[in-house]
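In my numbering, the protein residues as written are 19 to 418.
Beta carbons: idealized from backbone N, C-alpha and C, even for Gly.
This report refers to the structure that appears directly beneath it.
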Ligand code: GLY
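Here is the structure:
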């Protein structure tokens, strides 16, 4: 517990730093905030005029906006982006909307049929708790962590990502599939321990991170997408992909989830092994010969049709957010320069949409899942979310 309390202090410092209220000081951030506000004002005006609570995820081929139900894995990102706009502008209009869109997700705290509750409640309620100090949000966060913990398989030492007997996953013959994305859900568990004092969430998060470090990476520190475990013995049954090009390829968003995931594990634990892991993943990404000069990766580092393959902006924005945090731990390692370069690329007309276009999302050119033929070269709400988070981190580093 002593170690935990020490780390609690570290993480609190980080949260204070991420949550400070410095005014925007440079034009890069200012211009991008103005653009984001313009797009999301159109987006939220449409929602408010509908008289319902709609949750935008992406667009269809005809340009119409896809809205998702609250149990969709991406349902936390749009409310989360509204919180981040509030953090960037301090305009109470965004706080009011963020509360409304967040509280629509209340019953998600009981969701137990997939692991993504960490994304869903983390981006919405955790940001709300941090920025608005709403004490009733704490109960939702802790209940959600309880729900996520029901998916922990002690013999294997992992949180099971997907059920193996439902949907398209049932065709794959998995018993306990764990995807690298799951690293992102650990933030919910760490925060739930911080808020409740119940260390069981923290212990599950650490175990999951350790098991994943052992089994989900290749010698070059690229990550597999899916590792299937025997939940009774912990034996690794298969290493495969679901959304990447091939089982042995490096799916770009998977690398982004990995670098962000191990960075957040270091934030809460202070365990150097996690920061080392994030550094190794950074080297894999940024030394890769297929990484384009603008640092926005193709959807898979081994996509067969590079350089014609679609880019994945969501991988780039998530990586940028992680790199800014890594810079706070290792200020001389060049992480900020890489993040700045990604942000410069993303904010250019090549990736930032004109106001009123692109379904009113900020960024174009992300990829959901090429193997499923879904969401290819489109805006995605999570690309915008991590872009806004990276913008806040960039702003806060500039003002410190
Ligand atoms: N977590 C699902 C995805 O990255 O597409």
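Burial state of residue i, where buried means 16 or more other Cβ atoms lie within 10 Å
i: residue 43; result: Summary for residue 43: the model assigns pLDDT 44, below 50, so the residue's position carries little reliability, and this model does not support an answer.
i: residue 402; result: buried
i: residue 128; result: exposed
i: residue 195; result: buried
i: residue 41; result: The predicted model places residue 41 with a pLDDT of 42, which falls under 50 and marks its position as unreliable; any figure quoted below should be read in that light. Residue 41 should be labelled exposed.
i: residue 87; result: exposed
i: residue 413; result: buried
i: residue 355; result: exposed
i: residue 175; result: buried
i: residue 145; result: buried
i: residue 407; result: buried
i: residue 368; result: exposed
i: residue 397; result: buried
i: residue 39; result: Note that residue 39 scores a pLDDT of 41, beneath 50, so its modelled location is shaky; the value from the coordinates is reported in the next line. The residue in question, residue 39, is exposed, as its Cβ has fewer than 16 Cβ neighbours within 10 Å.
i: residue 142; result: buried
From the options, residue whose alpha carbon lies closest to that of residue i
i: residue 98; options: 127, 50, 147 and 65; result: 147
i: residue 302; options: 337, 247, 324 and 114; result: 337
i: residue 55; options: 385, 380, 134 and 398; result: 380
i: residue 284; options: 228, 85 and 153; result: 228
i: residue 242; options: 234, 393 and 249; result: 234
i: residue 268; options: 247, 308, 255 and 289; result: 308
i: residue 312; options: 282, 275, 357 and 294; result: 357
i: residue 239; options: 248, 263 and 280; result: 280
i: residue 167; options: 150, 200 and 153; result: 200
i: residue 360; options: 305, 341, 346 and 130; result: 341
i: residue 138; options: 206, 395, 405 and 149; result: 206
i: residue 68; options: 75, 85, 53 and 77; result: 85
i: residue 252; options: 278, 225, 274 and 265; result: 225
i: residue 230; options: 105, 237 and 245; result: 245
i: residue 130; options: 163, 112, 153 and 105; result: 163
i: residue 344; options: 300, 305 and 332; result: 300
Whole-number beta carbon distance between residue j and residue i, since they are thought to touch under 8 Å
i: residue 107; j: residue 51; result: 7 Å
i: residue 400; j: residue 92; result: 6 Å
i: residue 213; j: residue 160; result: 6 Å
i: residue 17; j: residue 364; result: Because the chain is modelled from 19 through 418, residue 17 falls outside the range shown and cannot be assessed.
i: residue 203; j: residue 94; result: Actually they are not in contact, since the Cβ atoms of residue 203 and residue 94 sit about 11 Å apart, beyond 8 Å.
i: residue 272; j: residue 83; result: Not quite, the Cβ-Cβ distance comes to about 27 Å (not below 8 Å), so this is no contact.
i: residue 133; j: residue 179; result: 4 Å
i: residue 270; j: residue 330; result: 5 Å
Any non-hydrogen atom of the ligand COA closer than 7 Å to residue i Cβ
i: residue 384; result: Here the bound small molecules are the ligand GLY; the ligand COA is not part of this structure.
Completely contained alpha helix (DSSP H) runs for the segment 153-194, where each covers 4 or more residues: Every alpha helix (DSSP H) stretch that sits fully inside the segment 153-194 and reaches 4 residues is listed by chain position as 154-167.
Completely contained alpha helix (DSSP H) runs for the segment 238-301, where each covers 4 or more residues: Those alpha helix (DSSP H) runs which fall completely within the segment 238-301 and span 4+ residues are 270-287.
In chain order, each alpha helix (DSSP H) run of at least 4 residues that lies wholly inside the segment 63-118: Within the segment 63-118, the complete alpha helix (DSSP H) runs of at least 4 residues are 95-107.
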